[in-house]
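S.K.: To convert, count from 1 in the sequence shown and add 540; that's the working numbering.
Glycine included, C-beta positions come from ideal geometry on N, C-alpha and C.
All figures in this text were calculated on a predicted structure; none of them were measured in a lab.
The structure follows.
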Amino acid sequence: MEGLELNCTVTVDLQGLSHLLLLSYHEKFAQVDILILMTAAVCHDLDHPGFNNTYQINARTELAVRYNDISPLENHHCAVAFQIFSQPDCNIFSNFDPEAFKQIRQGTITLILATDMARHGEILDSFKQKVDNFDYTDEEHVTCLKMVLIKCCDISNEVRPMEVAEPWVDCLLEEYFMQSDREKAEGLPVAPFMDRDKVTKPTAQIGFIKFVLIPMFETVMKLFPQIEEAMVQPLRESRDRYEELKQIDDAMNEVRLIFCVCKSVSFV
């Protein structure tokens, strides 16, 4: 039940941010593009098992085998979504003709697959090449923009006020730690940023905000300058806050070290 509640809460949260973006820029998009982006936002993490693609592949899980190690989670989310839509009482696309449904389905799949963070550099680099001469009449440009927008929404937690964002950071870190504990138990590789013995909340967030979030949102800002105050500035403030917390942690660790050294010397 907890997993279902988390899936639903994150989905509503992401869908809400997508809606916020589209309210500001809806005139730039065709109606079908808005529908595709909103559908992908709602469905992008359906039936998430709590262990990332790296674990799926290294552990040779059923999902990894089924999808040939290619974005197993994202492929699963797509499959679950359209299994639900295939049920008569859930088929929100029943009034679309086959060609329109094909466009919506393919567009939704493209966007959900874009949320695989293994593709982050590839997608952002592609967008950077287009953003300075962006053409809303070019389908490739618009698709790339939609991919970046859903990525922004997917990992946008730090855009929100601290009191909203921080509990979700705690949840994410706990998910990471649960995975790394299992990986250690199963003799699988462990990513340092997921290892409870090697990472703290400030160190985890500083790198992610500085090297993933801010560069992506600042690139989107070139196309939509209006997001600087609402989205980019909060990211900068969050980065600064976590850097301050890291300084405090470092100082406390130094004090503990000095105390331990002094204590050991006193027993000599």
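#1: Note the first and the last residue of the continuous alpha helix (DSSP H) segment covering Leu664.
#2: From Arg776 to Phe757, what distance separates their C-alpha atoms?
#3: Which value, in whole angstroms, describes the spacing of the CA atoms of Gly661 and Cys618?
#4: Using a Cβ-Cβ cut-off of 7 Å (strictly less than) and excluding sequence neighbours within five positions of Tyr676, which residues of its own chain qualify?
#5: Grab me the residues of Asp609's own chain with a C-beta within less than 6 Å of its C-beta, minus the 5 sequence neighbours each way, in chain order.
#6: Helix, strand or coil for Thr655 per DSSP?
#7: Please confirm if the segment 771–785 is in contact with the segment 738–758, defined as three or more CB-CB distances below 8 Å between the two stretches.
#8: Is it buried or exposed, Val605, if we count other Cβ atoms within 10 angstroms and call 16 or more buried?
#9: Give the straight-line distance between the Cα atoms of Glu768 and Lys668, rounded to the nearest whole angstrom.
#10: If you run the structure through DSSP and keep just helix, strand and coil, what is Ala581?
#11: Taking the continuous alpha helix (DSSP H) assigned at Met720, which residues delimit it?
#12: On the three-state DSSP scale, how would you describe Asp573?
#13: Tell me whether Tyr782 sits in a helix, a strand or coil according to DSSP, three-state version.
#14: Between which two residues does the alpha helix (DSSP H) carrying Phe625 extend?
#15: With three or more beta-carbon pairs closer than 8 Å as the criterion, would you say the segment 724–736 touches the segment 646–662?
#16: Going straight from the alpha carbon of Glu680 to that of Phe674, what length do you get?
#17: Is it buried or exposed for Glu784, if we count other Cβ within 10 angstroms and need 16 for buried?
M.R.: From the atom records:
#1: His660 to Val671
#2: 11 Å
#3: 22 Å
#4: Lys568 and Val682
#5: Ile597
#6: coil
#7: yes
#8: exposed
#9: 17 Å
#10: helix
#11: In the sequence under discussion, the amino acid at residue 720 is Ser, which differs from the Met named in the question. Its alpha helix (DSSP H) spans residues Met702 to Glu726.
#12: helix
#13: helix
#14: Pro612 to Phe625
#15: no
#16: 10 Å
#17: exposed
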